[in-house]
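Residue numbers for the sequence shown, in mature numbering (1 follows the signal peptide of the UniProt record, and there is no 0): -21 to -1, 1 to 301.
C-beta: ideal position from N, C-alpha, C; glycine also.
Data block below; observations after.
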Amino acid sequence: MGAVKNLVKLLILVEVAVALAGPGVAALSMDYYGMNCPFAEYIVRSVVSEAVMGDPTLAAGLLRLHFHDCFVQGCDASVLLDAAPGSKAEKDALANKSLRGFEVIDKIKDTLEAQCPGVVTCADILALAARDAVLMVGGPYYDVPQGRRDGRRSVDTDTLTALPSPFLNASALITLFGTHGFNVQDMVALSGGHTLGVAHCPSFTPRLKFEASTLDAGFASSLAATCSKGGDSASATFDRTSTAFDGVYFKELQQRRGLLSSDQTLYESPETQRLVNMFAMNQGYFFYAFAQGMGKMGQIDLKEGDRGEVRKSCRVVNKPSW
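Dropping the structure here:
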């Protein structure tokens, strides 16, 4: 009788725990596709490896796709959806105009659908592809549990307050990231993702005009020349090793060579300078913190049950079955 009572108590505790977890927490697991699509991770990695070997700049693109997906309505692959007639999707928003890597995700999805149709979600593909892209260019490996569902909503205006502006200061970044459960270390480490890729001139020309005191003079002259010659379509790399995942980004912040205002503020702010110095000195610790942050990011507002689906194509929601 006592054993039965204890079992009942245990079941009640489990139910309470599930209720407290709320709708944003889904049951992810490392072997989610173990029975229905056991080679899913291998297929993702193979396609990503081929793509990044052919164009190393795609590593930045795939990482950014995952970030821009998760920060807007959660990790549900909504950033991949094409707009319906007469509307605009997330990918049409100004902040997403320069996103790259969609064709890589399409190729992964097509390959998976041929092997195990209707099983692997686009949201999981994005999470795995970002991890594998980082790994391909020298970054850390980290586990990516699976089980995310694909969302059905994608609206351009959802991005307006969800994505960090390149002009935010450290306090504003801490607040924005904090809404998703990130601490200060997570935020600074994830900002270190800017060790890959480029930014276009409109995102940093105001810094040239108004932030001279925190901008290396030679670097400023170089950026001004780039933008003067190429206009708004011109770009500059975040650091001097922009196709390698490393700690150089933080070293350049120490030299006041941060490209965006939202980069350099991490060194100028007392709230975050210690972490910049730590990551600049110890790349291994940066990798550890980045992996921790990516693990958290991959679980933002996950969809469960009827809130999500397994898309047949990452670009369109499934047609109703009725």
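- Shown here, Val58 sits in a helix according to DSSP, grouped into three states.
- Here Asp218 carries a coil assignment [DSSP, helix/strand/coil].
- For His179, the three-state secondary structure derived from DSSP is strand.
- Closest in alpha carbon position to His179, among Pro145, Arg128 and Arg127, is Pro145.
- Proximity of the region 106 to 122 to the region 37 to 49 meets the contact definition, three or more beta-carbon pairs being nearer than 8 Å.
- Note on geometry: alpha-carbon atoms of Pro17 and Glu231 lie some 42 Å from one another.
- In the assembly as shown, Tyr120 is an exposed residue. Its beta-carbon has fewer than 16 other beta-carbons within 10 Å.
- Residue pairing for Val227: DSSP places it in no beta bridge.
- When secondary structure is reduced to three states using DSSP, Glu250 falls in the coil class, being assigned neither helix nor strand.
- Between the alpha carbons of Val99 and Ala203 lies a distance of about 46 Å.
- Leu238 is a Cβ neighbour of Phe183, given a cutoff of 8 Å.
- Here Gln252 has Tyr246 as same chain residues with Cβ atoms under 7 Å from its own Cβ, once five neighbours each way along the sequence are excluded.
- Residue range Ala19 to Gly33 is occupied by the alpha helix (DSSP H) that includes Glu20.
- If you draw a straight line from the Cα of Pro181 to the Cα of Leu78, it is about 15 Å long.
- For Thr216 against Val177, the beta-carbon gap comes to about 5 Å, under 8 Å, which counts as contact.
- DSSP places Lys275 inside the alpha helix (DSSP H), whose first and last residues are Gln262 to Met276.
- For Gly209, the enclosing alpha helix (DSSP H) begins and ends at Ala196 to Gly209.
- For Pro64, no alpha helix (DSSP H) encloses it, and the DSSP letter there is neither H nor E.
- The DSSP-derived three-state label of Gln94 is helix.
- Between the alpha carbons of Gln234 and Thr193 lies a gap of roughly 9 Å.
- If you draw a 10 Å sphere on the C-beta of Glu69, you find 16 or more other C-beta atoms in it, and that means buried.
- Residue environment for Gly210: exposed (fewer than 16 other C-beta atoms within 10 angstroms of its C-beta).
- Ranked by Cα distance from Ala93, the options Lys291, Ser300 and Pro299 are led by Lys291.
- Contact annotation, Asp135 with Lys76: C-beta distance approximately 10 Å; criterion of less than 8 Å not satisfied.
- Here Glu288 carries a strand assignment [DSSP, helix/strand/coil].
- Per DSSP, the beta-bridge partners of Asp129 are Glu288.
- Burial state of Val27 is buried, judged by a 10 Å Cβ sphere holding 16 or more other Cβ atoms.
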